[in-house]
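In what follows, a single structure is set out as structure tokens and then discussed.
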Amino acid sequence: MIVVMKGGSAPEQVDAVVHELGKMGFRTHVSHGVERTLVGAIGDKTGFSADHILRLDGVLEIVPIRRPYKLVSREAHPPDTIVRVGSLEIGGPDKLHVMAGPCSVESREQLMETAEAVKQAGATILRGGAFKPRTSPYAFQGLGEEALRYLAEARERFGMPIITEVMDSEDVPVVSHYADILQIGARNMQNFTLLRKVARTGKPIMLKRGPSATIEEFLLAAEYILSEGNRDVLLCERGLRGVEQTFMRNTLDIAAVPVIKRESHLPVIVDPSHGTGKWYLVAPLAKAGMVAGADGLMVEVHPRPAEALSDGPQALLPGTFDRLMAELRAITQALAAAGGSDALTGRPAVQA
Ligand code: PEP
Ligand code: MN
Numbered sequence: 020m021i022v023v024m025k026g027g028s029a030p031e032q033v034d035a036v037v038h039e040l041g042k043m044g045f046r047t048h049v050s051h052g053v054e055r056t057l058v059g060a061i062g063d064k065t066g067f068s069a070d071h072i073l074r075l076d077g078v079l080e081i082v083p084i085r086r087p088y089k090l091v092s093r094e095a096h097p098p099d100t101i102v103r104v105g106s107l108e109i110g111g112p113d114k115l116h117v118m119a120g121p122c123s124v125e126s127r128e129q130l131m132e133t134a135e136a137v138k139q140a141g142a143t144i145l146r147g148g149a150f151k152p153r154t155s156p157y158a159f160q161g162l163g164e165e166a167l168r169y170l171a172e173a174r175e176r177f178g179m180p181i182i183t184e185v186m187d188s189e190d191v192p193v194v195s196h197y198a199d200i201l202q203i204g205a206r207n208m209q210n211f212t213l214l215r216k217v218a219r220t221g222k223p224i225m226l227k228r229g230p231s232a233t234i235e236e237f238l239l240a241a242e243y244i245l246s247e248g249n250r251d252v253l254l255c256e257r258g259l260r261g262v263e264q265t266f267m268r269n270t271l272d273i274a275a276v277p278v279i280k281r282e283s284h285l286p287v288i289v290d291p292s293h294g295t296g297k298w299y300l301v302a303p304l305a306k307a308g309m310v311a312g313a314d315g316l317m318v319e320v321h322p323r324p325a326e327a328l329s330d331g332p333q334a335l336l337p338g339t340f341d342r343l344m345a346e347l348r349a350i351t352q353a354l355a356a357a358g359g360s361d362a363l364t365g366r367p368a369v370q371a
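Residue numbers for the sequence shown, in this note's numbering: 20 to 371.
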């Protein structure tokens, strides 16, 4: 439920509500909106007395949270969540957060070469797989901790935070030791024990949507992370298993971006690389994702795609990535000049 405070309620009144709800066994989260302060409360309702809360000073009303994904929902927390990674603020007014780098870290040289190029082009976060979820057990499985060490070295050298996937609960300590953002891959979206475990690291988590997950399943998976007390979650749309298997690897669900922005306060990232599987589809879909209201992108880049040990066909060459970044800057500036991309997220409940 949400306890709505009257306009101009004092901080002590909010504290009293939080205190009383805590005594009734609820976990609470306060969000300060422009007009009102809301106290979201999650927990077992057995010991709950609405009358007691309604009698507290400053309380306007109690509203039930109808969505099954309670903490993730915009109902519970109307303002956009901003996920802070070092000095970056993902989910705020600055929309151009591009996570770029190779699918897999293949060698120190390959990573450094790619990191330098993506940094130069304007990427703000470096990606690179160390533990790789491959369809075939005979395909390259990643360099493991060696790759994490190279990523950490690249972070120092190029001043970029790093994101990498954690595939297994066993690897959570080592991956969280090195990474700034932990990625949960599409195949693990509903690995609930893994979700709880990564949540408890306290690090920002990027959760990728499963290839056949509904939006509700996706948001409920994110709810697992928030329910552990970690609110720093990025939701990544990376394409669904669609009818087309020849011309694209997956079908990128662009409409999911405004849907999720409307349903949830969490930042949305679009991955046009896995979303299409073809390098020449990456730029068009990256731009579409931004225009649809994404807070950032994830793009795979490789200096020699033909030699890549994974996902070569979808890798951009550094020069192509550089041109894409220039276009993305122009698009985000145009959207900001038009009053921000919020108008495109469908968030206002009424048409105007
Ligand atoms: C990746 O980002 O390297 C990856 C494997 O992505 P996904 O889980 O979306 O397939
Ligand atoms: Mn990949």
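Cβ coordinates follow ideal geometry from the N, Cα and C atoms, glycine included.
Note that the structure is predicted; figures quoted are calculated from it, not measured.
Item: What is the rounded straight-line gap between the Cα of residue 154 and the Cα of residue 264?; Value: 15 Å
Item: How should residue 362 be labelled, buried or exposed, when 16 other C-beta atoms within 10 angstroms of its C-beta is the threshold for buried?; Value: Confidence at residue 362 is low in this model, with a pLDDT of 46, below 50, so its placement is unreliable and the value that follows should be read with caution. Exposed: under 16 other Cβ atoms inside 10 Å.
Item: Distance check for residue 256 and residue 180, CA to CA, integer angstroms please.; Value: 21 Å
Item: Going by the C-beta, is residue 158 closer than 7 Å to any heavy atom of ligand 1?; Value: no
Item: Between which two residues does the alpha helix (DSSP H) harbouring residue 36 extend?; Value: 30-42
Item: Would you tell me roughly how many angstroms separate the C-alpha atoms of residue 338 and residue 327, rounded to the nearest one?; Value: 17 Å
Item: In terms of alpha-carbon separation, which member of 121, 129 and 162 lies closest to residue 147?; Value: 121
Item: Indicate the three-state DSSP secondary structure (helix, strand or coil) for residue 364 in the structure shown.; Value: Residue placement at residue 364 is poorly supported in this model, since its pLDDT is 49, which falls under 50; the coordinates are not used for a value here.
Item: Going by DSSP in three states, residue 84 sits in which element: helix, strand or coil?; Value: coil
Item: Rounded to the nearest angstrom, what separates residue 365 and residue 278 at their Cα positions?; Value: Model confidence at residue 365 stands at a pLDDT of 45, short of 50, so the residue's coordinates are unreliable; what they give is reported in the following sentence. The alpha-carbon atoms of residue 365 and residue 278 are separated by roughly 7 Å.
Item: Could you give the distance in angstroms between the alpha-carbon of residue 190 and the alpha-carbon of residue 158?; Value: 20 Å
Item: Tell me whether residue 243 is buried or exposed, calling it buried when 16 or more other Cβ atoms sit within 10 Å of its Cβ.; Value: buried
Item: Determine the DSSP secondary structure at residue 4, reduced to helix, strand or coil.; Value: It is not possible to answer for residue 4, since the shown part of the chain is limited to 20 through 371.
Item: According to DSSP, what are the bridge partners of residue 68?; Value: Per DSSP, none; premise fails for residue 68.
Item: Report yes if the C-beta distance between residue 56 and residue 20 is below 8 Å; otherwise report no.; Value: no
Item: Specify the secondary structure class of residue 129 as computed by DSSP and reduced to three states.; Value: helix
Item: If you check the beta carbons only, do residue 149 and residue 166 fall under 8 Å apart?; Value: yes
Item: Compute the Euclidean distance between the alpha carbons of residue 185 and residue 204, then round it to the nearest angstrom.; Value: 8 Å
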